[in-house]
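Chemist: In the numbering used here, each residue carries its 1-based index in the sequence shown increased by 545. Note that the Cβ used here is the ideal one computed from N, Cα and C, for glycine as well. Computed from a predicted structure; not experimentally measured.
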Amino acid sequence: MKLCIVGIGYVGLVSAACFAETGNHVCCVDINDGVIQRLRNGEIHIFEPGLEDVVRRNVAEGRLMFTTSLEEGLADAMFIFSCVGTPPNPDGSCDLSATCNVARQIGKSMTDYKIVITKSTVPVGTADKIRGIIQEELDSRNADIPFDVVSNPEFLKEGDAVNDFMKPDRIIIGTDNTQAAALLEDLYAPYARSRDKLVVMSIRSAEMTKYAANCMLATKISFINEIANICERVGADVRDVRVGIGSDHRIGYHFIYPGVGYGGSCFPKDVKALIQTSLEEGYEPELLNAVEEVNERQKKQLARKIISYFQDRGGARDKTIAVWGLAFKANTDDIRCSASLDIIEMLIEQGMNVRAYDPAAIEGARSIYKGNDRVSLSTGQYEILSGADALAVLTDWNQFRNPDFNQIKRDLKQPVLFDGRNLYATGTLNRYGFNCIRVGRPDVTS
């Protein structure tokens, strides 16, 4: 099948590469000529494990093409996927300017039947806007060309997106046209060979499903962080509590890991957007408000613990904290809404110095901290430790899980850890003689 994917960001590039991987011919369109040139050379502009190999293979085999011309992309394609960005407005609502612009350009350029598919996360009712814009453009040129608009939200986890696309839990199709649904079922058949994964529903229900899914996951994270904070106050261990509740199949273990709060490009934006949609409809979403409030508080909790620890020991000013982890989670370079940035900001406001390392996110952080004398960024995991007053672990990269504790202890001024991801076992910390402050777990004092 021949596809056109508009917007070659994270969702667009992963989708394009994975569609090409199963034999489809995919033309990718983006307005950034620099990105297009890099992709033509098999170089990807985002960090995602396994993606570069898929892109290079399909470029070499002629199934994956890149252009800045939408007309070229539309020429032979029946399926048009809109994957452009939908960033938040200042009030938390979704900025649909790029989505609407793509719809307008499609209406101006299309010459035969198209299925216009929205993969970007968009508010309920966006498909109706897209349909209206395309029809308006067709009417303006007296063109009687049929088309369908479909909602097909993505459910890709950063760090495991290729696997998520190739082996999805479900494929949501929002359409009121059985023909369009059948065509999409054929397109997605290679990704649903083990069982029927296609779930067809109304367009508005599909749009809502994406928000509901992300808000549910964000709720689980805020819930377990709330429980962790209570555990600290009553003398319980959230690790044991997590096992106790997670063993109930109605609850499960997924997304109940306490830590420094959720971040990234999806959860914060989507929670805010659904709150705003609710308010526009005259409904106060109290639970979603609480999810967001708990998360904003949680992103500051570890920083408060670090500051308090040193204030009780002569003052926090001019102390140096080594930080492992800038990305909002492991296996990505995404620092958008990362708790690490909030924590670092609070530390430097107290006159503390920060040395930070991350396996993938250093380059993205350079523009944020350029010219800030209190923050230094390094590509060496252990070199930031020398002479630091403590180590704070903020992202759960695998290489942080079983580090060289002897070297950490030798290089730090004192054996103090702030474990924002609860990576380290009490017995290990005791054996190496560390003092450690964690999330929802008793402090370790050696």
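1) For the candidate residues Met897, Asn951 and Gly552, whose alpha-carbon lies nearest to that of Thr487?
2) Can you give the beta carbon distance from Ile766 to Phe800, rounded, assuming they're within the 8 Å contact cut?
3) Return the residue from the list Asn876, Gly896 and Gly704 that minimises the CA-CA distance to Asp918.
4) Specify the secondary structure class of Ile662 as computed by DSSP and reduced to three states.
5) Given Lys954, which residues of its chain have a CB within under 8 Å of its CB, disregarding the five upstream and five downstream residues?
6) Just checking my contact of Ala930 with Asp956 at CB under 8 Å: how many whole Å lie between their CB atoms?
7) May I have the straight-line CA-CA distance separating Pro668 from Ala818, to the nearest angstrom?
8) Checking 9 Å against the spacing of the C-beta atoms, do Leu615 and Cys549 come in under that value?
9) Buried or exposed: Ser912, going by 16 or more other Cβ atoms within 10 Å of its Cβ?
10) Please confirm if the segment 895-909 is in contact with the segment 874-882, defined as three or more CB-CB distances below 8 Å between the two stretches.
11) List the DSSP bridge partners of Leu936.
12) Applying the 10 Å Cβ sphere with the 16-neighbour rule, what's the burial state of Asp775?
13) Report the rounded CA-to-CA distance for Tyr733 versus Gln952, giving the unit in angstroms.
14) When the Cβ atoms of the segment 741-760 are set against those of the segment 800-815, are three or more pairs found closer than 8 Å?
15) With a CB to CB cut of under 8 Å and the five nearest residues on each side skipped, what residues in its chain are close to Thr567?
16) Name the two residues that bound the continuous beta strand (DSSP E) containing Ser912.
17) Sort Ala781, Gly809, Gln821 and Thr971 by Cα distance to Gly985 and report the nearest one.
18) Take the Cβ of Asn569 as the centre, count every other Cβ of all protein chains shown within 10 Å, and call the residue buried at 16 or more, exposed below.
19) So the beta strand (DSSP E) Phe626 belongs to, where does it begin and stop?
20) Would DSSP call Gly902 helix, strand or coil?
21) Out of curiosity, what's the CA-to-CA distance linking Ala726 and Ile718?
22) Excluding the five sequence neighbours on either side, which residues of its own chain have a C-beta within less than 6 Å of the C-beta of Glu593, listed in chain order?
23) Compute the Euclidean distance between the alpha carbons of Phe564 and Ala620, then round it to the nearest angstrom.
24) Rounded to whole angstroms, what is the Cα-Cα separation between Thr940 and Phe950?
25) Using 9 Å as the threshold, is the C-beta distance between Gln944 and Pro904 below it?
26) What's the call for Thr822, buried or exposed, on a 16-neighbour Cβ count within 10 Å?
27) Along the chain, where does the beta strand (DSSP E) that runs through Phe611 open and close?
28) Does the segment 664-684 come close enough to the segment 624-636 that 3 or more CB-CB pairs lie under 8 Å?
29) How long is the line joining the alpha carbons of Lys659 and Tyr828, rounded to whole angstroms?
30) Quick check on Asp785: does DSSP put it in helix, strand or coil?
31) Decide if Leu832 is buried, meaning its Cβ has at least 16 other Cβ atoms within 10 Å, or exposed.
32) What's the call for Thr656, buried or exposed, on a 16-neighbour Cβ count within 10 Å?
33) Just mark Arg795 as buried or exposed, buried being the case when its beta carbon has 16 or more other beta carbons within 10 Å.
34) Spatial neighbours of Tyr555 within its chain, please: C-beta separation below 6 Å, excluding the five flanking residues on both sides.
35) Please report the straight-line C-alpha distance between Ile889 and Leu728, rounded to a whole angstrom.
36) Assess, as a yes-or-no matter, whether the segment 960-970 is touched by the segment 743-758 under the definition of 3 or more beta carbon pairs within less than 8 Å.
Modeler: Looking at the atomic coordinates:
1) In the structure as shown, the chain begins at 546 and stops at 991. Residue 487 is therefore absent and cannot be evaluated.
2) 6 Å
3) Gly896
4) strand
5) Pro960, Tyr977, Gly978 and Phe979
6) The sequence given here has Leu at residue 930, not Ala. About 4 Å separates the two Cβ atoms, so the contact holds.
7) 7 Å
8) yes
9) exposed
10) yes
11) Ala867 and Leu962
12) Contrary to the premise, residue 775 reads as Ile rather than Asp in this sequence. Answer is exposed; the Cβ neighbour count stays below 16.
13) 50 Å
14) yes
15) Pro735 and Tyr736
16) Careful: Ser912 lies outside any beta strand (DSSP E), inside the alpha helix (DSSP H) at Ile907 to Tyr914.
17) Ala781
18) buried
19) Phe624 to Ser627
20) The question names Gly, yet the displayed sequence has Tyr at residue 902. In this structure, Tyr902 counts as strand in the three-state DSSP scheme.
21) 7 Å
22) Ala706
23) 18 Å
24) 17 Å
25) yes
26) buried
27) Leu609 to Thr612
28) yes
29) 36 Å
30) helix
31) exposed
32) exposed
33) exposed
34) Ile591
35) 49 Å
36) no
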